[in-house]
Structure formats: structure tokens, C-alpha cells
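These notes are about the structure you will find just below.
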Amino acid sequence: MQIKQLIKLMPSLLLGVTLIGNVLAKEVAAPILLHPSTASEAVAIAAYKGMPAENFSKMVSTAFENAGFSSRTSERMKDGTVRYTFAYPVAMEGQVKNIEVVLRTDENIDKKGRCATCFLRTTVLTDFAHLQQAPWMLQYAVNRQVLPAIDQAYASIQQDGQAFMDGSLGFDYKNQWQGEKNLYENSFVGIEQTSLKSTVIDAYRAAGFIFQGDIRKDLRVSDLVFSFPVDPDQAEGVVYKISLASQLDASDRCYPCEITEVYDPYQKLPAAGLSGMSKRLTLESRFAASRALALEKLKNSTAQFLRAGTMFTMPPKPAPLGSPRPHIRPMTVT
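Going by the working numbering, the sequence shown opens with residue -11, and the numbers climb by one from there.
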């Protein structure tokens, strides 16, 4: 298979890896994994021909330096691979942490010292595994500051190297910075964990939910469990939870605390007696209205504590309450 064909196939071959990365993001629960593309350098973004190798190297280094990176090292291997290491100063809480990124290029040079084919690839965070374990706020700072700088560097390379770019491959780079994201649905800072829990409980009680208890799942995560009455005469109701994941600062305030809605729209509902049939018919509309009211109250009560750069997210409504659970068709093996 020719090199050019292989390069074009790489995105498709790596699709499965990308999907696995997204699954791992949920399991590991680290904000940095909201952008899994920072962990892959396999895909060639562009190829250059006829460009003096010295100019190609300078173009790459200058683009990253102009985007705010400092150049650490440049290692040239015998096979033509060049490994560039850059550092970006991430400012957080009055301190600066240098985040290293590596960029690999493959330079096939002709006898005149020009690119026969020079491949440009994606960047990699060198301390990726350690960053996954770092405080969430640092991970958010890395995303917010480093990713736009990387995007800026690639935009400069695309513009400066246009005359020598292999048009058949194009410039296949997608911006990594997609705006501020939370690990969970909503993120809060500067509020005590107990106050945030009380605010959540009060919002749902005011909307007609019955608070059942606070269940701690591990050192970071606890579930605030509620019941929504199917029938006022019944003790049982719809099981509904707000999961709270917390990291606290030195003053025991959220830094951040993040909440997400947890409930199963397909859950088995308690049996309705003859007197409760009319209530059962209106359950979905009453539940939807109460849920929306609770979220609106919660939004208004926590606006001043939202993590900077984020907005309160109203989680999308899943299937109607009491819907039959969909059947998952087994994969067809051929």
C-alpha cells in the first residue's frame, strides 16, 4: 500500500481508538479527557514537498513560539523523525505550571536538502497520565489555556506553509478547543459542600420531590436521593438522584463541586391502585414540570457560584417516564 493511501486511511483506522478513548474518559472521570485528541499523535495532518528542510523546521518552531510556547528540545532521529518539545505556562491561582507538549514530524529529505515529503502530526501532552490525577481545576486550566494555543500554532503553520503543502492530503486539522466544558453537568466553586447540598435539596423539595437521604459512594462522590410521588397516598414513588462529586480547597469550599442528574426513565413504577389510576396517567407531565421547576430554582440559587467560563446546563430530557426499556440488539457476527 502506498504511503499516501495509508495516510488517508489513518483516520478511519483510528476511529475505534477514539471511541475507546471517549469511554475511558467516563470511567477515569478526569476533565482532561474531555479532549482525548491531546493523547494521539498517529494521524498525519499535512504533508509538504519542495520546502527547504530548514525552513520547514523553522516554520513549526516559530508557529508554536508565537502562540506562547517556549521551545525546550528538538531531537532528530536517523529515520528522519524529529521530536519537538514545547512548554506552555499555565497560570492558576497566582502560580505558573509549565505544561509540556510534544510534536513529531517525519522529514524525508532529498539531495538538495528539501522536503521530498515532510509529514506534520498532532501534539501530545507528555505528562498526560499525571495530569489525569491532578486537581480538576488545573485540568480545566490546561484545557482552557493550552488547547487554544495549540490551535493557534497549527493555524499559523497552515497559512505559512500553504505554497509547499501537498494538496492531495490537504490540511486535516480540527480545532481541539471546543469551549469550556464540565466533567459533569454543572460545576461550582466558592460554596461550602454542605450549603450546595442544602441548596439542591431545597430546590427539589420546593418542586414536589421528597428527599430520601444522602448516600456517600466514595470519598469524592455522594448521591442525594429523592422520590417523586406517583400517588400522594402511596409511600413509593419515582427514584431520582442528584450525584455530587467534590474537590475542596484549603477552606473546605468547592473547588469545584460538580453535580449531575441520575435517574432511569425506564424504571419499574410502583403498582397503581384503582384510586391512583388518574394520577398515573398524568405522572409524566407532572414529573416533567416538577423536574424543570427544580432545575430552574437550582439555576437561580447557584448562579453566583458557577465555575468561571461555564453556564448552567439544563440536562436534556430522556425518554418519557415509565417508557418500556428498549431492547438492545446483539451485534451480528459474520
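Cβ atoms here follow ideal geometry from the backbone N, Cα and C, with glycine treated the same way. The structure displayed is predicted, hence computed values, not measured ones.
>> On the DSSP letters alone, give me the boundaries of the beta strand (DSSP E) that arginine 204 sits inside.
In response: Position 216 of the sequence shown, counted from the first residue, corresponds to residue 204. Element bounds for arginine 204: 198 to 204.
>> Quick check on DSSP: helix, strand or coil for isoleucine 247?
In response: Counting from 1 along the sequence shown, the entry for residue 247 is found at position 259. DSSP places isoleucine 247 in strand when its eight states are reduced to three.
>> I'd like to know if the region 130 to 140 and the region 46 to 61 are in contact, where contact means that at least 3 CB-CB pairs between them fall below 8 Å.
In response: yes
> According to DSSP, is proline 258 helix, strand or coil?
Replying inline: Here residue 258 refers to the residue found at position 270 when the sequence shown is read from its first residue. Three-state DSSP puts proline 258 in coil, outside helix and strand.
>> With H, G and I counted as helix, E and B as strand and the rest as coil, what does DSSP make of isoleucine 145?
In response: Indexing the sequence shown from 1 puts residue 145 at position 157. Helix at isoleucine 145.
> Taking Cβ to Cβ, would you say leucine 286 is nearer than 8 Å to cysteine 242?
Replying inline: Taking the first residue of the sequence shown as position 1, residue 286 is located at position 298. Taking the first residue of the sequence shown as position 1, residue 242 is located at position 254. No.
> Considering only C-alpha positions, which residue in the set Arg92, Glu81, Ser175, Met299 is nearest to serine 62?
Replying inline: In the sequence shown, the residue the question calls residue 62 occupies position 74. Per the Cα distances, Arg92.
> Opposite alanine 79 in the DSSP bridges: which residues?
Replying inline: Translated into positions along the sequence shown, residue 79 becomes position 91. Alanine 79 pairs with Val84.
>> Going by beta-carbon coordinates alone, are valine 218 and tyrosine 251 separated by less than 8 Å?
In response: In the sequence shown, residue 218 corresponds to position 230, counting from 1. In the sequence shown, residue 251 corresponds to position 263, counting from 1. Taking 8 Å as the Cβ cut-off, valine 218 and tyrosine 251 do not qualify as a contacting pair.
> Where does the unbroken beta strand (DSSP E) through alanine 195 begin, and where does it stop?
Replying inline: As a first step, residue 195 is located in the sequence shown; it is residue number 207 there, counting from the start. Run containing alanine 195: none; DSSP gives neither H nor E here.
> Thinking C-beta only, is cysteine 245 closer than 8 Å to glutamine 181?
Replying inline: Within the sequence shown, numbered from 1, the residue matching residue 181 stands at position 193. Within the sequence shown, numbered from 1, the residue matching residue 245 stands at position 257. Contact flag set, yes.
>> I'd like to know whether the C-beta atoms of alanine 32 and arginine 102 end up nearer to each other than 8 Å.
In response: Numbered from its first residue, the sequence shown carries residue 32 at position 44. Numbered from its first residue, the sequence shown carries residue 102 at position 114. Cβ atoms of alanine 32 and arginine 102: not closer than 8 Å.
> Based on Cα-Cα distance, which residue from Asn96, Gln83, Ala276, Pro312 lies nearest to lysine 37?
Replying inline: Locating residue 37 in the sequence shown gives position 49, where the first residue counts as 1. The option with the nearest alpha carbon to lysine 37 is Asn96.
> Would the beta-carbon of arginine 60 fall within 8 Å of that of alanine 75?
Replying inline: Position 72 of the sequence shown, counted from the start, is the residue given in the question as residue 60. Position 87 of the sequence shown, counted from the start, is the residue given in the question as residue 75. Taking 8 Å as the Cβ cut-off, arginine 60 and alanine 75 qualify as a contacting pair.
> In the DSSP assignment, what are the bridge partners of serine 58?
Replying inline: Position 70 of the sequence shown, counted from the first residue, corresponds to residue 58. Beta-bridge pairing links serine 58 to Ala75.
> For aspartate 219, which three-state DSSP category applies?
Replying inline: Here residue 219 is taken as the residue at index 231 of the sequence shown, counted from 1. Three-state result, aspartate 219: coil.
>> Just to confirm before moving on: does the CB-CB distance between glycine 149 and methionine 302 stay below 8 Å?
In response: Taking the sequence shown and counting its residues from 1, one reaches residue 149 at position 161. Taking the sequence shown and counting its residues from 1, one reaches residue 302 at position 314. No, they are not a contact pair.
>> Once the 5 residues before and after aspartate 160 are set aside, which same chain residues still bring their CB inside 6 Å of it?
In response: Translated into the one-based positions of the sequence shown, residue 160 becomes position 172. Counting only Cβ-Cβ distances below 6 Å, and skipping sequence neighbours, we find Ile33.
>> Here's the rule: buried if 16 or more other CB atoms are within 10 angstroms of the residue's CB, otherwise exposed. What is leucine 119?
In response: Walking along the sequence shown from the start, residue 119 turns up at place 131. Buried is the call here.
> Anyone know if the C-beta pair for phenylalanine 176 and arginine 295 falls short of 8 Å?
Replying inline: By 1-based counting over the sequence shown, the position of residue 176 is 188. By 1-based counting over the sequence shown, the position of residue 295 is 307. Closer than 8 Å, so yes.
> Which residues in the same chain as isoleucine 198 place their Cβ atom closer than 8 Å to its Cβ, once the five residues preceding and following it in sequence are excluded?
Replying inline: In the sequence shown, the residue the question calls residue 198 occupies position 210. Correct list, in chain order: Phe214, Ser215, Phe216, Pro217, Gly225.
> Which residue's Cα is closest to the Cα of asparagine 86: Asp190, Asp154, Thr114?
Replying inline: One-based indexing of the sequence shown puts residue 86 at position 98. Checking every option, the nearest Cα to that of asparagine 86 belongs to Thr114.
> Helix, strand or coil: how does DSSP classify isoleucine 179 here?
Replying inline: Along the sequence shown, read from residue 1 onward, the residue named residue 179 stands at position 191. Correct three-state label for isoleucine 179: coil.
>> By the DSSP assignment, the beta strand (DSSP E) with alanine 34 in it spans what residues?
In response: Translated into the one-based positions of the sequence shown, residue 34 becomes position 46. Run containing alanine 34: 32 to 36, per the beta strand (DSSP E) assignment.
>> Judging by CA-CA distance, which residue of Leu271, Lys267, Thr270, Phe300 is the nearest neighbour of leucine 283?
In response: Against the sequence shown, residue 283 aligns to sequence position 295. Here the closest residue by C-alpha is Phe300.
>> Quick check on the burial criterion: 16 or more other C-beta atoms within 10 angstroms. Buried or exposed for leucine 171?
In response: The count along the sequence shown starts at 1 and reaches residue 171 at position 183. Counting Cβ neighbours within 10 Å, leucine 171 comes out buried, since at least 16 surround it.
> Quick one: what does DSSP say asparagine 10 is sitting in, helix, strand or coil?
Replying inline: Numbered from 1 along the sequence shown, position 22 holds the residue referred to as residue 10. The pLDDT assigned to asparagine 10 is 33, lower than 50, so where the model puts this residue is not dependable, and the model offers no usable value.
>> Quick check: glycine 155 and phenylalanine 293, are their CB atoms within less than 8 Å of each other?
In response: Position 167 of the sequence shown, counted from the first residue, corresponds to residue 155. Position 305 of the sequence shown, counted from the first residue, corresponds to residue 293. Result no, Cβ atoms of glycine 155 and phenylalanine 293 do not sit closer than 8 Å.
>> Once DSSP output is grouped into helix, strand and coil, what is the label at leucine -3?
In response: In the sequence shown, residue -3 corresponds to position 9, counting from 1. Model confidence at leucine -3 stands at a pLDDT of 38, short of 50, so the residue's coordinates are unreliable; what they give is reported in the following sentence. Helix.
> My guess is that alanine 18 and glutamine 164 are in contact by the Cβ rule of under 8 Å, so how many angstroms apart are they, rounded?
Replying inline: Translated into the one-based positions of the sequence shown, residue 18 becomes position 30. Translated into the one-based positions of the sequence shown, residue 164 becomes position 176. The pair is not a contact, with the Cβ atoms about 16 Å apart (cut-off 8 Å).
> Can you name the start and end residues of the alpha helix (DSSP H) that alanine 117 belongs to?
Replying inline: Locating residue 117 in the sequence shown gives position 129, counting from the first residue. Run containing alanine 117: 116 to 120, per the alpha helix (DSSP H) assignment.
> Hey, out of Gly196, Arg71, Ile230, whose CA is closest to asparagine 174's CA?
Replying inline: In the sequence shown, counting from the first residue as 1, residue 174 sits at position 186. Among Gly196, Arg71, Ile230, the Cα nearest to that of asparagine 174 is on Ile230.
>> Beta-carbon within less than 6 Å of proline 306's beta-carbon, same chain only, minus the 5 sequence neighbours each way: which residues are those?
In response: Position 318 of the sequence shown, counted from the first residue, corresponds to residue 306. Here the set comprises Pro253.
>> Quick check on glycine 207: buried or exposed, where buried means 16 or more other Cβ atoms within 10 Å of its Cβ?
In response: For the purposes of this step, residue 207 is taken as residue 219 along the sequence shown, with counting starting at 1. For clarity, residue 207 is leucine in the given sequence; the question names glycine instead. By the neighbour-count rule (16 or more Cβ atoms within 10 Å), leucine 207 is not buried but exposed.
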